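Line order of the protein sequences matches chains A and B. Counting in this note's numbering, the first sequence runs from 727 upward without gaps. Counting in this note's numbering, the second sequence runs from 1344 upward without gaps. Quick reminder that beta carbons are idealized off the backbone N, C-alpha and C, glycines included. Predicted model only: the values in this text are computed from it and were never measured. These notes concern the structure reproduced below.
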Amino acid sequence: MEDKKIKNYSIQSDIDQNAFEHVGQDLDSMNEIARPSISFWKDAFGRIKRDKVAIIFIAILAAVALYAIFAPVFSPYTMSEQHYAHMNAGMFFSEGDCFHIFGTDTLGRDLFVRLAEGARVSLFIAISAVAINCVLGIIYGGISGYFGGVVDNVMMRIVEVINGIPYLLIVILLMVILPRGIMTIVIAYSTVGWVGMARLVRGEVMRLKEQEFVIAAKTLGASSTRIISRHLIPNILSLVIVNLTLAIPSAIFTEAFLSFIGLGIPVPGASWGTLANDGIVIFQRFPLQLILPAFFISITMLSFNLLGDKLRDAFDPKLRR
Amino acid sequence: MKNYILKRIGFAILTVFVLMLITFFMMHALPGDPFIGDKAISEAAKNALIAKYGLDKPILEQFVMYITNALRGDLGISMGTNRPVMATITSAFPYSFELGLRSLVFATVGGVALGSYAALKRGKAGDTCAMLVAVLGVSVPSFIVAALLQFFISLKLQQAVGIQIFAISGWTNEFSKWLPSLALAFGSLATISRLMRTSMLDVLSSDYIKTAKAKGLSNSAIIWRHAIRNAIMPVITVLGPIAASILTGAFVVEKVFAIPGMGRFFVTAIQSQDYTMIAGTTLFYGVFLILATLVVDLLYGVIDPRVNISSAKE
């Protein structure tokens, strides 16, 4: 019957049907897998590993972290120890058995140790604030997006009101009433910082929950908790990681900003922001004391920003090969 | 459309109310005492002051008093300087406003230009350079930019040339206003240029650009009439938040360049626990920015006829 059809067509055509050969379907080639099956995460990390620029930024951040962890441990000086003999010393200052890699500040304190202590404080504040925001944002946004309807409406109106007020104003007000300290900055920043993440997670959850795999899970009788924790959260993790990386520089900036207007951590302590603030006073005579903290703030923010961009590309399924 | 506008205005009013609630209750939760800085005042004088500011009344009554006064434009009397808060704001705000406006214009024009340029030169050296500038702008805090500009451009240039072109500080002649505006604009310029680049790349690969090319329009006509005008839309949506970050960022830039704007009063007020001043300034800034965002949101529908905001949920 098949042959007959072909014959019928060929009668009207000028082309000789014998020039063609019927090959049929090659089932073997259809079953062949185009590429080895790798998971989403393996694919993303594989791409990051191949990206030289991303590796450089990871290395810079690792170096800053190692400096923050080990410099105060191995340095012969402490952060508040004063050397009256040589104040405002320059880079690689050495005299007798005193050696200051980054010089000293106005009070003769070793800047190498102070910057490392500052790095500890600044990075701790940034990372913990962002982690808290992230958890709050996922919970709030997840609930709002998943349940939708009235719950979503009410929850998003609250977010809109908080979002309408410039966050720095609220952070400043909170900093004014809370006692000074590292945790205060973290708390003040987290009270408003989660809003952005919540909106993001909500949007993504709303998009995902209409997809077939969630409907399938529902049909199989999975509970809400199971769907959220096993199906939705793993799928938004890449988005969360990218935004986490991009939120850290803004937290570092906020800390520096607060220190700069006099709301930083109290005096014996130091953060990059307070160091920059101290440096700016005597900047025109001893520029090094501003340039060093400024360099650390900038290079860390830069690395996180660019790493975030690279991670976004690596996680983008559209760019998957 | 009408519903949308009413809804947005309703939200703005609600946000202002919440802001008032926050400023009011936070100032009352403050530890310490607003008279702590004054030299040993007598008990009678202190009581008179407490009565004057209404600090002895129940908190709810104080709040109602606060709102009605605020609506009349009376933000109370500064506990530090003993001048009305509104008088300080009206004398200092023009400086901050001019600085902010200059920065906003600078950031928008510069950001759109840089972003479009990068998109047009996609993948070439020009793109890389422009994006390097953008990423630096996002990564270097404004006070550092301000200090660096002040040091290298005003001070070093003055020493090199012998005459002063850009004043080191102050807000007097035209040139003295450039460096602070530039320092304040730099971060926002970077944000806008990144956004503009993405949006421009999107537009450049769309069908109507191909149509314009196919019908033989010149390159400049395509870029100016078709590409930029469409690509600029997402930039307009972020102008509200950008204005907020510029105005709050002005605190530090004003401090570096010693400009007699709001930032200076705000920082002094924080240090001296001047309740009314902090609350007044925050409220003023908050309301100003909420209104700015509202205007931007409403304008968006007018500028881009494709946006049907009445049906959009967010």
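So, for T1000(A): in the same chain, excluding its five sequence neighbours on each side, which residues have a beta-carbon less than 6 Å away from its beta-carbon?
Only S985, G990 meet the Cβ criterion.
DSSP state of R1568(B), grouped into three classes?
R1568(B) falls in the helix class under three-state DSSP.
Say whether the segment 1437-1446 of chain B touches the segment 1592-1612 of chain B, bearing in mind that this needs 3 or more beta-carbon pairs closer than 8 Å, one atom from each stretch.
The segment 1437-1446 of chain B vs the segment 1592-1612 of chain B: in contact.
Compile a chain-ordered list of the residues in the segment 919-937 of chain A whose CB is closer than 8 Å to at least one CB of chain B.
Per Cβ criterion, the list is empty.
Any idea what DSSP makes of Y1347(B), helix, strand or coil?
Here Y1347(B) sits in helix by DSSP.
Roughly how many angstroms lie between the CA atoms of S1654(B) and T1624(B), to the nearest whole one?
Low confidence applies here, because S1654(B) scores a pLDDT of 47, under 50, leaving its location unreliable and the question unanswered by this model.
Mind the definition here: the segment 923-931 of chain A touches the segment 850-864 of chain A only if three or more C-beta pairs lie below 8 Å; say whether that holds.
Short answer: they touch.
Between N859(A) and chain B, is the shortest Cβ-Cβ distance under 9 Å, so that the two count as touching?
For N859(A), the answer is no, since every Cβ of chain B falls outside 9 Å of its Cβ.
Are there three or more Cβ pairs, one per stretch, closer than 8 Å when the segment 1443-1462 of chain B is compared with the segment 1522-1535 of chain B?
Result yes; three or more Cβ-Cβ pairs closer than 8 Å.
With S1497(B) and F1529(B) assumed to form a contact (beta carbons below 8 Å), what rounded beta-carbon distance in angstroms separates them?
The Cβ separation is near 16 Å, so there is no contact.
Let me confirm a value: G1042(A) is counted as buried when at least 16 other C-beta atoms fall within 10 Å, else exposed. Which label applies?
Looking at the sequence provided, one finds Asp at residue 1042(A) rather than Gly. The residue in question, D1042(A), is exposed, as its Cβ has fewer than 16 Cβ neighbours within 10 Å.
Quick one, which residues of the segment 1614-1645 of chain B are near chain A if we go by CB-CB under 8 Å, in chain order?
Listed in sequence order: Q1614, Q1616, I1621, T1625, Y1628, G1629, L1632, I1633, T1636.
Considering only residues of the segment 889-966 of chain A, which uninterrupted alpha helix (DSSP H) runs meet the minimum length of 4 residues and lie entirely inside it, listed in chain order?
DSSP runs (the alpha helix (DSSP H)) wholly in the segment 889-966 of chain A: 893-903, 908-934, 938-945.
Roughly how many whole angstroms lie between the Cα atoms of A1468(B) and I1365(B)?
Their backbone Cα atoms lie some 49 Å apart in a straight line.
In chain order, what residues of the segment 1585-1605 of chain B put their CB closer than 9 Å to some CB of chain A?
Residues A1587, S1588, L1590, T1591, G1592, F1594, V1595, K1598, V1599.
Taking only beta-carbon positions, decide if F689(A) is within less than 9 Å of chain B.
As shown, chain A starts at 727 and ends at 1047. That puts residue 689(A) outside it, with no answer to give.
Can you name the start and end residues of the alpha helix (DSSP H) that G1453(B) belongs to?
First-last of the alpha helix (DSSP H) with G1453(B): 1428-1463.
Within 9 Å (strictly less), CB to CB, does V912(A) reach chain B?
No, its Cβ sits nowhere closer than 9 Å to a Cβ of chain B.
What are the residues of the segment 946-976 of chain A that lie near chain B, defined by any Cβ-Cβ distance shorter than 7 Å?
Listed in sequence order: P975.
Short check: CB of G1034(A) to CB of N961(A), under 9 Å?
Cβ distance not < 9 Å, so G1034(A) and N961(A) don't count as in contact.
Alpha carbon to alpha carbon, what distance is there between S1588(B) and I1621(B)?
Straight-line Cα distance between these residues: approximately 18 Å.
With DSSP run on the structure shown, which of helix, strand or coil describes G1034(A)?
In this structure, G1034(A) counts as helix in the three-state DSSP scheme.
Report back the beta-carbon spacing between I1025(A) and I978(A) to the nearest angstrom; my notes put them in contact at under 8 Å.
The Cβ separation is near 11 Å, so there is no contact.
Using beta carbons (cut-off 9 Å, strictly below), is A1002(A) in contact with chain B?
Judged by the 9 Å Cβ criterion, A1002(A) is in contact with chain B.
Give me the chain B residues within the contact set of L792(A), using Cβ-Cβ distance strictly less than 9 Å, ordered along the chain.
Neighbours of L792(A) on chain B: none; closest Cβ ~21 Å, over 9 Å.
CA-CA distance, M727(A) and N744(A)?
Only weak support is given to the placement of M727(A): the predicted model assigns it a pLDDT of 48, under 50, and the question is left unresolved by the model.
Taking only beta-carbon atoms, is M1369(B) less than 9 Å away from chain A?
With 9 Å as the cut-off, M1369(B) counts as an interface residue toward chain A.
Tell me the DSSP secondary structure of R1540(B) in three-state form.
R1540(B) falls in the helix class under three-state DSSP.
For the candidate residues A1413(B), V1428(B), N1573(B), whose alpha-carbon lies nearest to that of I1420(B)?
Checking every option, the nearest Cα to that of I1420(B) belongs to V1428(B).
Is the shortest distance between the beta-carbon of M1027(A) and the beta-carbons of chain B less than 9 Å?
Judged by the 9 Å Cβ criterion, M1027(A) is in contact with chain B.
I'd like the span of the alpha helix (DSSP H) that includes P1584(B), first residue to last.
Counting along the chain, the alpha helix (DSSP H) containing P1584(B) begins and ends at 1576-1600.
Give me, in chain order, the residues of the same chain whose beta-carbon lies closer than 6 Å to that of T1431(B); leave out the 5 immediate sequence neighbours on both sides.
Once the five neighbours on either side are set aside, the close Cβ partners of T1431(B) are F1608.
Near E1657(B), which residues of its chain fall below 8 Å by C-beta distance, leaving aside the five closest residues on each side in sequence?
Per-residue confidence for E1657(B) stands at a pLDDT of 40, beneath the threshold of 50, marking its modelled position as unreliable; no derived number is given.
Does the distance from the CB of A852(A) to the CB of I974(A) come in under 9 Å?
Yes.
Check the Cβ-Cβ distances between Q1015(A) and every residue of chain B, and say whether any is below 9 Å.
For Q1015(A), the answer is no, since every Cβ of chain B falls outside 9 Å of its Cβ.
I think Q1493(B) touches F1600(B), with their Cβ atoms under 8 Å apart; what is that distance to the nearest whole Å?
The pair is a contact, with the Cβ atoms about 7 Å apart (cut-off 8 Å).
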